[in-house]
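Asker: Encoded as C-alpha cells, here's the structure I'll be asking about.
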Amino acid sequence: MYFKSKKIYPLMAISEEEFDSSVNANTLKEKTVIVADADRKDYVRITSVTKVKTGKHGAAKVMISGKNIRTNLKAEMSFSGGSKVYVVVPVKKTYVLVDFDEEEDCIYADPLISTGYAEMETLHCNEIEKDRVKLLLDTIKSAGEDAVIQFATVSCPGLTLLEEISVVGSKKGAPKRARG
593 MYFKSKKIYP
603 LMAISEEEFD
613 SSVNANTLKE
623 KTVIVADADR
633 KDYVRITSVT
643 KVKTGKHGAA
653 KVMISGKNIR
663 TNLKAEMSFS
673 GGSKVYVVVP
683 VKKTYVLVDF
693 DEEEDCIYAD
703 PLISTGYAEM
713 ETLHCNEIEK
723 DRVKLLLDTI
733 KSAGEDAVIQ
743 FATVSCPGLT
753 LLEEISVVGS
763 KKGAPKRARG
C-alpha cells in the first residue's frame, strides 16, 4: 500500500461490520470507494483499475489508482485478484447550521430535505477534520450571528468531510425554527 499522506487525524474507532460490503479485488470498477486503511479511516475513490497476470503460474494482480477522499492525495495499491476489499458508499447531505455547543465539540444542524421535516442532527467534531471545523467557525464569526450558513457533508463510517460551506442568507425576517 502506498500513500502520500502527511497528517493522521484522531477519529473514533470503527469496526469492519460498519462497511457496506466486501468484494473481490478483480471486480472493482472506477468511481468505487474502497477502504484503504480502516485504522486511519482512509477511503480511496478509484480512478483507474489495471489487471495484470504475473506469469504462467502466478496469481493475477489488480493495480488500483485513486484519490484519498480525506486528504485528496493520490493513492496507489495492488491486490491479489481474489482478495477481499471493503467497499463503502459515501452519503452526501446538506445542512443548515443551527448552533455549536459551548465547548465546540458538536455541531447542531437541520438537514435540508425536499419534502417534510427532519429532526435536527448532531455532528461530532472529533469525526470531522479539524481544519474544516475551524473554517466553519471562521465563517460563523465573519458572517455574524444573523447569517444562515449552509454546508454539505460526505460521510463514510467514522469519517465526515465538510464541503461547500457558504452563507446563504440572513435570519432577520426569516421565521424562527420550530421547537418541539
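In the numbering used here, each residue's number is its place in the sequence shown (first place is 1) plus 592. Heads up, the beta-carbon is just placed ideally off N, CA and C, and yes, glycines get one too.
1. Hey, how far is the Cα of LEU729 from the Cα of THR714?
2. Could you name the residues that DSSP lists as bridge partners for ARG637?
3. Can you say whether ILE600 is buried or exposed, counting buried as having 16 or more other CB atoms within 10 angstroms of its CB?
4. Based on DSSP bridge pairs, tell me the residues matched to CYS698.
5. State buried or exposed for TYR635, treating a residue as buried only when at least 16 other CB atoms are found within 10 Å of its CB.
6. Three or more C-beta pairs closer than 8 Å, one from the region 690-697 and one from the region 625-639: is that the case here?
7. Output the distance between the C-alpha atoms of PHE595 and LYS764, rounded to the nearest integer angstrom.
8. Within the chosen definition, does the region 733-751 reach the region 702-721 through at least 3 CB pairs nearer than 8 Å?
9. One question on the structure: do THR639 and GLY658 come within less than 7 Å of each other, judged by their Cβ atoms?
10. Where DSSP assigns a beta bridge to PRO703, which residues make up the other side?
11. Tell me, which residues are paired with ALA745 by DSSP?
Answerer: Short version:
1. Here the question's residue 729 lines up with position 137 in the sequence shown. Here the question's residue 714 lines up with position 122 in the sequence shown. It is roughly 16 Å from the alpha-carbon of LEU729 to the alpha-carbon of THR714.
2. Residue numbering aside, residue 637 sits at position 45 when the sequence shown is read from its first letter. Looking at the DSSP assignment, ARG637 forms a beta bridge with VAL625, LYS659.
3. Numbered from 1 along the sequence shown, position 8 holds the residue referred to as residue 600. Confidence at ILE600 is low in this model, with a pLDDT of 31, below 50, so the placement of that residue should be treated as unreliable; the coordinate-derived value is given next. Exposed.
4. Indexing the sequence shown from 1 puts residue 698 at position 106. Answer by DSSP bridge pairing, in chain order: HIS716.
5. Along the sequence shown, read from residue 1 onward, the residue named residue 635 stands at position 43. Counting Cβ neighbours within 10 Å, TYR635 comes out buried, since at least 16 surround it.
6. no
7. Your numbering for residue 595 matches position 3 in the sequence shown. Your numbering for residue 764 matches position 172 in the sequence shown. Because PHE595 sits at a pLDDT of 36, beneath the cut-off of 50, its placement in the model cannot be relied upon, and the following sentence gives the value as read from the coordinates. So the alpha carbons of these two residues sit roughly 47 Å apart.
8. yes
9. Counting from one through the sequence shown, the residue named residue 639 turns up at place 47. Counting from one through the sequence shown, the residue named residue 658 turns up at place 66. Yes, the pair counts as a contact, with Cβ atoms nearer than the cut-off.
10. As a first step, residue 703 must be located in the sequence shown, where it is residue number 111. The secondary-structure analysis by DSSP pairs PRO703 across a beta bridge with TYR687.
11. As a position in the sequence shown, residue 745 is number 153, starting the count at 1. Sequence check: residue 745 is Thr here, not Ala. In the DSSP output, where bridge partners are listed per residue, THR745 has LYS685, LEU754.
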